[in-house]
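Per UniProt numbering, the sequence shown starts with residue 1, numbered consecutively.
Just so it is clear, CB atoms sit at the ideal spot from N, CA and C, and this is done for glycine as well.
For clarity, every value in this text was computed on a predicted model and none was experimentally measured.
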Amino acid sequence: MSDLALKLVPTIVSTYMKICHYTALSRTMINVEPVIDMYQKNQGFIYAFWHNRIFMASFGVPEYIHKYVPIISKSKDGEFIARTVGKLGVKAYARGSSSRYGKNAYQSAIEHLKMEDKGYVVAVTPDGPLGPKYVAKDGVARIALATGKPIVCFAYNASKKIVANSWDNFIIPLPCSDFVYVYDKPFFADKNISVKENLEIITERLNKVTAIADNWEF
């Protein structure tokens, strides 16, 4: 992506995201109450969703987007994402990926979650940035174990959308759609089992909310 595109495209994409949000015909929120409660009490948590659900993940409870600390890759594509979510109100980032957590990204995520008075929310796509689709990398489990913060799994779907021919079948909603936002109940990583076993639990719960969203009848 050229330097000019890095300046222009984030503005275009973030504007389109807002159009999709504000022209929504309806928004069905499933199990959002515990999430709002944690936001209101400044209780930080780990916000996990598959890579193909990035597009509207910020709009479930958009009034708290300033608390998000997304983990974003250090690539040019990552820079594009960082600038885009910055235009939505995100103030802080942890740069790295769930497949190759650099020390800076890992430590930044942990440090933000440990700022108890801030209530930061680390947003992570466990199968990003390059897949395989719906296969969680160990970063999300390691951050949860290191901080003792709960994980909230999330998925959304739209009644009208484009499904990209990409490795993750990325979902791009269309304006004037109905939306469903599905949240799992907050849960904690288990220090008495292995990282691999924790990842299996996280994957199962992510797939559960994703299936609910995908099978939603609008």
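Terminal residues of the beta strand (DSSP E) in which residue i lies
i: Y183; result: D178 to Y183
i: N157; result: I151 to A158
i: K208; result: It is not in any beta strand (DSSP E) - K208 instead sits in the alpha helix (DSSP H) that spans V195 to D214.
i: K161; result: K161 to V163
i: P173; result: I171 to P173
i: P70; result: Y68 to I72
Three-way DSSP call (helix, strand, coil) for residue i in this model
i: L6; result: helix
i: residue 294; result: Lying before the first or after the last residue shown, residue 294 is absent from the chain, which here runs from 1 to 218.
i: A48; result: strand
i: P62; result: helix
i: V90; result: coil
i: T23; result: coil
i: M56; result: coil
i: K191; result: coil
i: M29; result: strand
Contact set for residue i: own chain, Cβ-Cβ below 7 Å, skip 5 residues either direction
i: A141; result: A189, V195, N198, L199 and I202
i: A109; result: V69, I71, A94, V122 and I143
i: F80; result: M1, L6, V9 and P10
i: T210; result: W50 and A155
Beta-carbon contacts of residue i that lie in its chain and below 6 Å, excluding the five residues immediately before and after
i: A82; result: I72 and Y93
i: K208; result: none
i: Y47; result: V121, A123 and V152
Own chain partners of residue i with C-beta closer than 8 Å, once the 5 adjacent residues on each side are dropped
i: E127; result: The amino acid occupying residue 127 in the given sequence is Asp; Glu does not appear at that position. The residues are W50, H51, S98, K133, Y134, V135, A136, K137 and D168.
i: K118; result: N42, G44, K67 and H112
Problem set entry | Runs of beta strand (DSSP E) wholly within the region 110-139 (minimum 3 residues, chain order) | Segments of the beta strand (DSSP E) lying fully in the region 110-139: 121-124.
Exercise. Are the region 103-110 and the region 8-20 touching by the rule of at least three beta carbon pairs closer than 8 Å?
Worked result: Flag = no, the region 103-110 and the region 8-20 do not touch.
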